[in-house]
Amino acid sequence: MRGLGRQYHWKDINERIYKKFKNTTPIAGFYTFTTRAAFVMDLDVVKDIMIKQFQSFTDRGLFHNERDDPLTANLLFLDGERWRVLRHKVSPVFTTGKMKFMFPTVVQVGERLEPACLKFINSEDGSGIVEAKDLCARYTTDVIGYCAFGIECCSLKDPQQLFYIMSKRALLENNLGSLGVAFRGSFPKLARRLHMKDTVADVENFFLGTVRETVRYREENSIQRSDFMNLLLELKNNRVIKNETGDEFVNLTFNEIAAQAFLFLVAGSETSSNTMVFALYELALHQEVQDRARAEVQTVFEACNGEMVYETMSQMKYLKQVIDETLRLHTPLPVLNRHALEDYPVPGHPKYVIRKDMPVIIPAICLHRDEQYYPYPDVFNPDNFTPEQVALRDPVLYLPFGDGPRNCIGLRFAKMQMMVGLSLLLSKFKFTICERTPVPMKYDKENFMLTPEKDLYLKVSRI
Ligand code: HEM
Numbered sequence: 001m002r003g004l005g006r007q008y009h010w011k012d013i014n015e016r017i018y019k020k021f022k023n024t025t026p027i028a029g030f031y032t033f034t035t036r037a038a039f040v041m042d043l044d045v046v047k048d049i050m051i052k053q054f055q056s057f058t059d060r061g062l063f064h065n066e067r068d069d070p071l072t073a074n075l076l077f078l079d080g081e082r083w084r085v086l087r088h089k090v091s092p093v094f095t096t097g098k099m100k101f102m103f104p105t106v107v108q109v110g111e112r113l114e115p116a117c118l119k120f121i122n123s124e125d126g127s128g129i130v131e132a133k134d135l136c137a138r139y140t141t142d143v144i145g146y147c148a149f150g151i152e153c154c155s156l157k158d159p160q161q162l163f164y165i166m167s168k169r170a171l172l173e174n175n176l177g178s179l180g181v182a183f184r185g186s187f188p189k190l191a192r193r194l195h196m197k198d199t200v201a202d203v204e205n206f207f208l209g210t211v212r213e214t215v216r217y218r219e220e221n222s223i224q225r226s227d228f229m230n231l232l233l234e235l236k237n238n239r240v241i242k243n244e245t246g247d248e249f250v251n252l253t254f255n256e257i258a259a260q261a262f263l264f265l266v267a268g269s270e271t272s273s274n275t276m277v278f279a280l281y282e283l284a285l286h287q288e289v290q291d292r293a294r295a296e297v298q299t300v301f302e303a304c305n306g307e308m309v310y311e312t313m314s315q316m317k318y319l320k321q322v323i324d325e326t327l328r329l330h331t332p333l334p335v336l337n338r339h340a341l342e343d344y345p346v347p348g349h350p351k352y353v354i355r356k357d358m359p360v361i362i363p364a365i366c367l368h369r370d371e372q373y374y375p376y377p378d379v380f381n382p383d384n385f386t387p388e389q390v391a392l393r394d395p396v397l398y399l400p401f402g403d404g405p406r407n408c409i410g411l412r413f414a415k416m417q418m419m420v421g422l423s424l425l426l427s428k429f430k431f432t433i434c435e436r437t438p439v440p441m442k443y444d445k446e447n448f449m450l451t452p453e454k455d456l457y458l459k460v461s462r463i
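For reference, each letter of the sequence shown is one residue, going 1 to 463 in full-length UniProt numbering.
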């Protein structure tokens, strides 16, 4: 791990291991700092771990501390029975029906992208240079602020909105510092006993307070809205909750509601906004792709007289390919984590046993960039995702949202907010590179998530 965060990104270290061992072994062993881990490259073994033998790998084994750091008691970090029960409770919030319910809210926020871009075009210097990271982060924060916290956060109008500032802090700041983060990553149980916590006090107070105020206001005034908070409150207030197998669960507590809303922000805002940034960057570099995507969007918008409904998105097939290809090339979460619950003799490979408690690493981005599976893997090519190409490929070769029972629960919501944002932008504006655009792309080595290293400037002009 030497050089991690300075010379290398996590993905670079994974690519080094993958290239060195891919054709020699189904699994390589390596150390993440002091912990032995299994690095899985064989596609059948990946499928077994994520899907077929999921019962042996239900956990991620990541640090969380419900007692001292309540916002970490969320679906992403929790393990075991606590995770299973919560996943069952929260799953109904993410059905297609619920997405349709929230769609108008997302469009309403998306429509604010136009005045936000016009500000750059009509700025004093008239340069039309836009910092895409900030623009897209303001859009996804406003969407999730609105849908998950019930907050009318207008950072697209005013970047100084407190909710946007606190969201940025939630993503960037950690109470522990880099040594503490490395320690709690390697020894999560000990870190819990030592009362270590990730979330900075101000950030925790702000988000707990925001949810408390929203819950109080909605309950006292019997307010119903089409958003996540409404659905989470239904889970709080409904007396009986049953899952599809008939099990009954107790309702969500206040802290559980707050932790899930916070997670939707942390897991759903930066991943989606970075994908939109990378898509705009690739579209600026590939004008022919941009023109084709725009022509499609404009045709679809004309056909529905500009009245977007949820189904409108399924007609934008090429734009969907653009997003799929962006997620392949610039996979926001480049690595997937699992944790072995028991000794696991690897089927078909008698010499290999993944030991109990061993972290398991699935290097999604290495599969996405392997020329054996994707020809010219470093080239942005939405045709990798034509229905014919997708049908030819093993689904395990595409893992931007993970796979199996522990996959990304927000997948539909993520796609919806990205499609809405990008289609509205492309229908009105053209994006090109400018002198300040970093080519080739460099990633921020300190961030586990794939994100551009510095500000990402593009030129925006009216169509
Ligand atoms: C482009 C956007 C997004 C990407 C690329 C992404 C990717 C991922 C990945 C790779 C995982 C881990 C899956 C696995 O281990 O198999 C995950 C988990 C998760 N994501 Fe997303 N995500 C995105 C957007 C969202 C959104 C918008 C939300 C919520 C509103 C969300 C909520 C979650 C949650 C709650 C989990 C944990 C699920 C569990 O462990 O049960 N994500 N995401």
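Here a beta-carbon is modelled for each residue, glycine too, at the ideal position from N, C-alpha and C.
Give me the residue from Pro345, His9, Leu43, Asp79 with the minimum Cα distance to Pro405. Stepping through the sequence shown from its first residue, residue 405 is reached at position 405. Out of Pro345, His9, Leu43, Asp79, Asp79 has the C-alpha closest to the C-alpha of Pro405.
Looking at the strands, I want to know which residues DSSP matches up with Ser354. In the sequence shown, the residue the question calls residue 354 occupies position 354. What sits at residue 354 in the sequence shown is Ile, not Ser. BP columns for Ile354 point to Tyr344.
Please state if the CB of Pro359 and the CB of Thr32 are separated by a distance shorter than 8 Å. Counting from 1 along the sequence shown, the entry for residue 32 is found at position 32. Counting from 1 along the sequence shown, the entry for residue 359 is found at position 359. Closer than 8 Å, so yes.
Let me make sure I understand the geometry here. Which of Lys459, Glu453, Phe413 has the alpha-carbon closest to that of Met99? Taking the sequence shown and counting its residues from 1, the one referred to as residue 99 is at position 99. Cα-wise, what sits closest to Met99 is Phe413.
May I ask which residues mark the beginning and end of the alpha helix (DSSP H) holding Ala261? Residue 261 sits at position 261 when you count from the first residue of the sequence shown. From DSSP, the alpha helix (DSSP H) with Ala261 extends over 254-285.
Proximity below 8 Å, CB of Pro438 to CB of Lys454: The sequence position of residue 438 within the sequence shown is 438, counting from 1. The sequence position of residue 454 within the sequence shown is 454, counting from 1. Closer than 8 Å, so yes.
How many Å lie between Tyr139 and Asp343 at the Cα? Mapped onto the sequence shown, residue 139 falls at position 139. Mapped onto the sequence shown, residue 343 falls at position 343. Rounded to whole angstroms, Tyr139 to Asp343 spans 45 Å at the Cα level.
At a cut-off of 7 Å, is Ile409 close to the ligand HEM when judged by its beta-carbon and the heavy atoms of the ligand? Translated into the one-based positions of the sequence shown, residue 409 becomes position 409. Within the cutoff, so yes.
For a test of your reading of the model: does the CB of Asp403 fall under 7 Å from any non-hydrogen atom of the ligand HEM? Yes or no. Within the sequence shown, numbered from 1, the residue matching residue 403 stands at position 403. Asp403 Cβ: within cutoff of the ligand HEM.
If contact is defined by three or more beta carbon pairs under 8 Å, each pair taking one atom from either stretch, is the region 75-92 in contact with the region 58-67? yes
With DSSP run on the structure shown, which of helix, strand or coil describes residue 517? Residue 517 lies beyond the residue range present for the chain, which begins at 1 and ends at 463; the question has no answer from this structure.
So, with DSSP's three-state summary, where would you put His368? Here the question's residue 368 lines up with position 368 in the sequence shown. In the structure shown, His368 sits in a helix (DSSP, three-state: H, G or I).
For the ligand HEM, is there any heavy atom lying closer than 7 Å to the beta carbon of Phe413? As a first step, residue 413 must be located in the sequence shown, where it is residue number 413. Yes - the ligand HEM has a heavy atom lying nearer than 7 Å to the Cβ of Phe413.
For Arg67 and Gln108, the rounded distance between their alpha carbons: As a first step, residue 108 must be located in the sequence shown, where it is residue number 108. As a first step, residue 67 must be located in the sequence shown, where it is residue number 67. Between Gln108 and Arg67, the C-alpha separation is close to 38 Å.
Could you check whether the Cβ of Pro332 sits closer than 7 Å to any heavy atom belonging to the ligand HEM? Within the sequence shown, residue 332 is the residue found at index 332, counting from 1. Checking every heavy atom of the ligand HEM against the Cβ of Pro332, one is found closer than 7 Å.
With a threshold of 7 Å, establish whether the CB of Ala259 neighbours any heavy atom of the ligand HEM. Position 259 of the sequence shown, counted from the first residue, corresponds to residue 259. No, since every heavy atom of the ligand HEM falls outside the 7 Å radius drawn around the Cβ of Ala259.
What's the call for Gln260, buried or exposed, on a 16-neighbour Cβ count within 10 Å? Position 260 of the sequence shown, counted from the start, is the residue given in the question as residue 260. That one is buried.
Selected residue, minimal CA-CA separation from Ala182, among Met196, Gln389, Gln161, Val40: Along the sequence shown, read from residue 1 onward, the residue named residue 182 stands at position 182. Comparing Cα positions, the closest option is Met196.
For Gly402 versus Leu329, is the C-beta spacing smaller than 8 Å? Along the sequence shown, one-based indexing puts residue 402 at 402. Along the sequence shown, one-based indexing puts residue 329 at 329. No. Outside cutoff.
Looking only at its own chain, which residues have a Cβ that is under 6 Å from the Cβ of Val46, when we skip the five neighbours before and after it? Working through the sequence shown from its first residue, we reach residue 46 at position 46. Contacts found: Val40, Ile362, Val396.
Quick check: the Cα distance between Ala28 and Phe21, rounded to an integer number of angstroms? For the purposes of this step, residue 28 is taken as residue 28 along the sequence shown, with counting starting at 1. For the purposes of this step, residue 21 is taken as residue 21 along the sequence shown, with counting starting at 1. Approximately 7 Å, taken between the alpha carbons.
Going by the C-beta, is Ser423 closer than 7 Å to any heavy atom of the ligand HEM? Reading the sequence shown from its first residue, position 423 is the one you call residue 423. Incorrect: Ser423 has no Cβ contact closer than 7 Å to the ligand HEM.
In whole angstroms, give me the CA-to-CA distance for Leu135 and Ala116. Along the sequence shown, read from residue 1 onward, the residue named residue 135 stands at position 135. Along the sequence shown, read from residue 1 onward, the residue named residue 116 stands at position 116. Using only the alpha carbons, I get a separation of about 8 Å.
Distance, Ser155 Cα to Ala148 Cα: Locating residue 148 in the sequence shown gives position 148, counting from the first residue. Locating residue 155 in the sequence shown gives position 155, counting from the first residue. Straight-line Cα distance between these residues: approximately 16 Å.
Give me the Cα-Cα distance between Pro375 and Thr386, rounded to the nearest whole angstrom. The count along the sequence shown starts at 1 and reaches residue 375 at position 375. The count along the sequence shown starts at 1 and reaches residue 386 at position 386. Distance between the alpha carbons of Pro375 and Thr386 is about 14 Å.
Measuring alpha carbon to alpha carbon, tell me which of Lys351, Leu458, Ser269 ends up nearest Leu411. Taking the first residue of the sequence shown as 1, we reach residue 411 at position 411. Per the Cα distances, Ser269.
Closer than 7 Å to a non-hydrogen atom of the ligand HEM - does that hold for the CB of Thr58? For the purposes of this step, residue 58 is taken as residue 58 along the sequence shown, with counting starting at 1. No - the ligand HEM has no heavy atom lying nearer than 7 Å to the Cβ of Thr58.
Under the three-state DSSP convention, the category residue 535 falls into: This structure cannot speak to residue 535, because the chain is shown only from 1 to 463.
Answer with buried or exposed for Asp69, where buried requires no fewer than 16 other C-beta atoms within 10 angstroms of its C-beta. Translated into positions along the sequence shown, residue 69 becomes position 69. Answer is buried; the Cβ neighbour count reaches 16.
Count the other C-beta atoms from every protein chain shown that fall within 10 angstroms of the C-beta of Thr210, then say buried if there are 16 or more, exposed otherwise. Locating residue 210 in the sequence shown gives position 210, counting from the first residue. Buried, by the Cβ-count rule.
Tell me whether the region 299-318 and the region 344-355 touch, counting them as touching only if at least three CB pairs, one residue from each stretch, are closer than 8 Å. no
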